[in-house]
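Chains as they are written, first to last, in my numbering: chain A, 118 to 643; chain B, 118 to 643.
Each remark here refers to the structure printed beneath this line.
Below, the structure written as C-alpha cells:
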C-alpha cells in the first residue's frame, strides 16, 4: 500500500514558489464560499507516522487559509471530564459547525492503532473499534460532511532521518520524545497495522490520501491540492443537503409522487397490526394501592440513586408517546424521589442554530450525563423517526439511516456503562380525545393543548406505523423499549417507576424488591 | 436581619391545599409566556442554612413548573476542567438562555461564606469577592435577567430539630453529613457572615428574599408567590430590553434627538485629539532587518510557549484595529512559531442564537483558553464599544456599562494567571485608502474588500473617538493596551512579536533578549 509513497518525490523551490500563490488564492476563495453557504462541515483528519509532518501541515493550513474559521483539535489522554463520558463524546463535541473546517490530529485513529501495535486487546476488539470509526464517519458524511483523511508516510530510513533532523534543531528538538523512538523500532508492525486500518476505513465518502512525507514542498502541495479538490466538489455540489425542512418536504413530495410504494405503505398502516396492538390497555390500579406502592417505590428509587451516584453509574431515561399520554406526570413522580442536584430533565425544543449546524444527534451528545448523574428526556432523538418522519421534516434517506445511527449512539452510551431506559407511554385514540377535551374544559390546563396536538392526532395511524418500525429497529438487548399502557395514569406511573427500580436493582446488584400485584401485570406491558 | 424569619410562621394544610393550585397554574402560565417571549433569563439563587430546605425548594419548583425549561445547578469543588479556567467560568457556562429558568444552589455564595466562617482569607479578600459577585449579578440584571435570591433561614434550635429529623428518616439520613454539624456549631458566626453578605449584595435589581424555613407549607408558598411576582414583572415589563439591533437603533435615535450633548460630542470628535494622535506612524523597518529579527523572535516565542505550556500558563492575545490594518498578517507570524495543537485563532462571526440568548460576554467566556493554551482573537469583545457603539447596534446604556463589565471580565482572566495582551494595530486614513485600492486591483485580494469596509471608513473619526474612550477606560495595569503603528507592516509585526516575547520573558522569569534597534522605537508605540 505504501510503496507509492516511497518514490522519493520532490518538488524544487522554483516550482513550489510558482504554484503556491494561485493555490492559496483558490483555497481562500473556496473556504469563504463554503463558509457563506454554511451547508457542509469540512473534516480534515491528519494521521501518519511520527515525523511525517502532521503538525506542520496544520500550521501550513492555518497560514494558507483563514485561521479564524478553522479549528485544530489534538488529543491528549482523556481528562477527568472526558473520562466521565463515552469515548467518542470528545470528538462529537469538537466537530466544526457547517461552513467551518475542523482539523483533527490522529484523533480517533490514534489509540486503536497504538493499542494494536503494542499488542493490547484482541483482534475482535480491534475490528469493533474500526467499525465504530466507520459508523461515526459515515454518519457525518451522509449528513453532508466533506471528509478527507491524510496519511503522512515516511520510509523506515526516512523516518529515522527526519527524527534526527528534528532533534538537531533547537526549535524542534523538544518534539521528539522517547515514545517516538519506541514507535520507530516497531516501524514494520506499525505499517502493517496502518495498512489494515486504511483498507478497512477507506470509503468513497471518507477517503484516505496517502502522502509521501519526506519532502516538505511535495507534501504541502499534495495536501493543498487535495483539499482544493474536496472543497470545490462540495462548493459546487447541487445535490448538497440543505438541512432545511422545506427542502426535505419538497424532496419527499417529489419522491412520493413517483413512488407508488408509498401508497402501499399507507395501506399497510391501515391494516394497523403493530407492536402496540398487543399492549393490554385495560390494565389499571386502585387509588389506595397506587399511593402505597408509589411511596414505597419512591423510597427505593431514592436510595438506589444515591448508590448509583456513589458508584458513578449514569442513568438516562427517555420518554416518548402520543400527546397527553402522561410523560410529564411520570417524570415528575421520579423527580420528587431524587435529589435536585443529581438529575436534569430535558425537553426537546426547536434546535438552536448551533445545533442545526451539526448532525442531528449532536445536540443529544452534548447533553450526555456524566458518571453518576441522571438525565430524563421528555421526547428525545427518536423525534427523527417519529415526528420528523411523519411530518416530512426529514428526508426519507435521513430518517431511514437514523435507526442505525441511533443504535450506534445508544451502543456507545451503554458500553460506557450508562443505564438507558426507553419508555413508550401509550394511550388509545379514544383516551387521547377524552384528555384533550378535559384540557380544553379546564382553565389551568388549557395552555397545554395546542393546534399541533390536534394536527398530530389526525396522523394517528402513521404515527403508530412509525412506532412499530422504531421498536422493531431500535429495541436492542442493552437498550430495549419498555411499552407502557397509559390509559390508566396510576398504572402507567407505577410501571415506569418499577421498571427503573428493577433495572437499578439488576445493575446495582440488589435483590429486587418482593413482587406484588402490579408487577405481574407489568411484565405484559414490556 | 433574621429576626423576621424566626416568628414561627406556619400555614395549615387546608389553606395550603387551597392556595397551591391557582399558584401553580399562574407559575406555569408565566413560565410559558416568558419562554415564548425569550427576552429575559431568570436566575433563582437558593442559599441559606443547612437543612433550611434548599434542595426541597428546587424539587418543588421542578414539580410545580415545567422542568423541561428549568435547570438546577449545584456545585461540587471545581473539577480538573474547571480549575483550568477562571473561578466564575463555570457559573457563566451554566447560565440559562433567555426565556429559561436557572436555579442555582448556593453557587457563587457558598465558598466566600464558608471561607469567612472558618476564618480563611482576609477581610479585604472577602470584600473583594463580594464585589465580584455584585459585578457579576449586576451585569446580568442590566442585561435583562430577572434575579431573585432566596435565603432559607432557620433559628439555631430550628436547625438542630431539622437536622435531627433528616437523620431519622431513612430517605434523608444520607444527606446530613459531619460537615453540617460542624457548620451548626458555628451557627452564630455563620449568621453574622450571612448578614454581612446579604446586606452587601442586596440591590434593587438583585434582591434577597429571606424565607423562614421551618414550616414547609409556609416556605413553599412564600417562594412560589415571590417567583410569581418576579415573573409577572418581567412578563409584562414594556421597557424590557429586546436585544435586537433595530430596537437599539431606534432608542438611540430618539435619545439623540432630544439630547443636545450629542452634538457637542460630535464636535469633540472633530477636534480629533486622542490617544492615537501621538502615535508616531512614520516608524519603519528595513527588509533585511525584518527577516533577521523575525526569525529570531519566532524562535524565542516558540521556546517560550513550550515553557508556558509546560507551566500551565494560558495566553490570550486580542487584536483590534481599522480594516486592512494587518491584524491577520501579524497573527500569522505568531502562528507559524507555535505548535498547531497548542493555539486557537478565533474570528468574531455573527453571534449564534445561543449566543444572542445570553449576555454579550458569554460567547467569549465559553472560549477562554485552558491553562497552558493560547487563544488569539481577530477582533474581540471590544466590538461592543467600537462597531456596536458607532453603528448604533448597542444601546448607549449598553455600551457605556460595557467598559466596567469588560474590566471585570479581564480582571478575572488575569487574576487566574492568564496573560492578556491587547493590541490596537493602527493605520492612517491615507494608508487605509492605499490598501483598499491595492486590494481592489489585486485579483486574489479582492474578496477581502467588502462594502462594509467602505462604510466603516466613512465613520473614521467616530471610530477614533471610540478608540480613545476604549483605551482610556480599559487600559489597566494588568491588561494594558499596546498601540501599534501599522503603516509599515514589517514594523507592526515586529512590534507585536516583541511585545509578546517581552511579556512572556517577564512572566516566565527569563532575562529579556538583548535590546536592538527596533525595540527602542517600540517603546514609543506603547
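For glycine and all other residues, C-beta sits at the position ideal for the given N, C-alpha and C.
Every value quoted in this text rests on a predicted model; they were computed, and no experiment measured them.
In the three-state DSSP reduction, residue 531 of chain B falls in the helix class (H, G or I).
When C-beta atoms of the stretch 206 to 220 of chain A are compared with those of the stretch 157 to 170 of chain A, three or more pairs fall below 8 Å, so the two segments count as touching.
Contacts with chain A at 7 Å (Cβ-Cβ) do not include residue 486 of chain B.
Here the alpha carbons of residue 518 of chain B and residue 258 of chain B stand approximately 12 Å from one another. Assignment of residue 495 of chain A by DSSP, reduced to helix, strand and coil, places it in the strand class. In this structure, residue 536 of chain A keeps its C-beta atom at 7 Å or more from the C-beta atom of residue 601 of chain A.
A distance below 7 Å separates the beta carbons of residue 330 of chain A and residue 271 of chain A. Just so you know, the alpha carbons of residue 410 of chain B and residue 403 of chain B end up roughly 10 Å apart. For the pair residue 129 of chain A and residue 567 of chain B, the Cα-to-Cα distance works out to about 37 Å. B:204 is the residue among B:183, B:204 and B:186 whose C-alpha sits nearest the C-alpha of residue 193 of chain B.
Here residue 255 of chain B carries a helix assignment [DSSP, helix/strand/coil]. Along the stretch 459 to 481 of chain B, going in chain order, the ones with a CB nearer than 7 Å to a CB of chain A are 461, 462, 463, 464, 469, 470 and 471. Residue contact check for residue 259 of chain B against chain A: no CB pair falls below 7 Å. The beta strand (DSSP E) runs lying completely inside the stretch 589 to 633 of chain A and spanning 3 residues or more are 598 to 602, given in chain order. Annotation for residue 621 of chain A: 421 place their beta carbon closer than 6 Å to its own, counting only its chain and skipping 5 residues before and after. At a cut-off of 7 Å between beta carbons, residue 337 of chain B makes no contact with chain A. Residue pairing by DSSP places residue 268 of chain A opposite A:164 and A:327 in a beta bridge.
Counting only runs of 4 or more residues that sit fully inside the stretch 226 to 251 of chain B, the alpha helix (DSSP H) segments are 227 to 234, in chain order. For residue 189 of chain B, the enclosing beta strand (DSSP E) has its first and last residue at 187 to 190. Assigned with DSSP and collapsed to three states, residue 583 of chain B falls in helix. In the DSSP assignment, residue 571 of chain B falls within the unbroken alpha helix (DSSP H) covering 568 to 575. Judged by DSSP secondary structure, residue 463 of chain A falls within the beta strand (DSSP E) whose first and last residues are 460 to 464. For residue 172 of chain B, the nearest CB of chain A lies under 7 Å from its own CB, placing it at the interface with that chain.
Residue 253 of chain B is not a Cβ neighbour of residue 326 of chain B, given a cutoff of 7 Å. Of the candidates B:419, B:548, B:431 and B:574, the residue whose Cα lies closest to the Cα of residue 532 of chain B is B:431. One alpha carbon belongs to residue 309 of chain A, the other to residue 281 of chain A, and they sit about 24 Å apart. Collapsing the DSSP output to three states places residue 507 of chain B in a helix. Residue contact with chain A for residue 176 of chain B: present (Cβ-Cβ distance below 7 Å to some residue of chain A). Listed along chain B, the residues sitting closer than 7 Å to residue 453 of chain A by beta-carbon distance are 176 and 180. Counting along the chain, the unbroken alpha helix (DSSP H) around residue 342 of chain A starts and ends at 333 to 353. If you check the CB distance, residue 175 of chain A and residue 276 of chain A do not come in under 7 Å. Secondary structure remark: continuous beta strand (DSSP E) runs of at least 3 residues inside the stretch 379 to 460 of chain B, in chain order: 432 to 437. For residue 533 of chain A, no Cβ of chain B is located within less than 7 Å of the residue's own Cβ.
The residue among B:542, B:570 and B:316 with its C-alpha nearest the C-alpha of residue 554 of chain B is B:570. Sequence-distant partners of residue 493 of chain A (beyond 5 residues in either direction) whose C-beta falls short of 6 Å from its own C-beta, in its chain, are 434, 448 and 462.
For residue 419 of chain B, the nearest beta carbon of chain A is closer than 7 Å to its own beta carbon.
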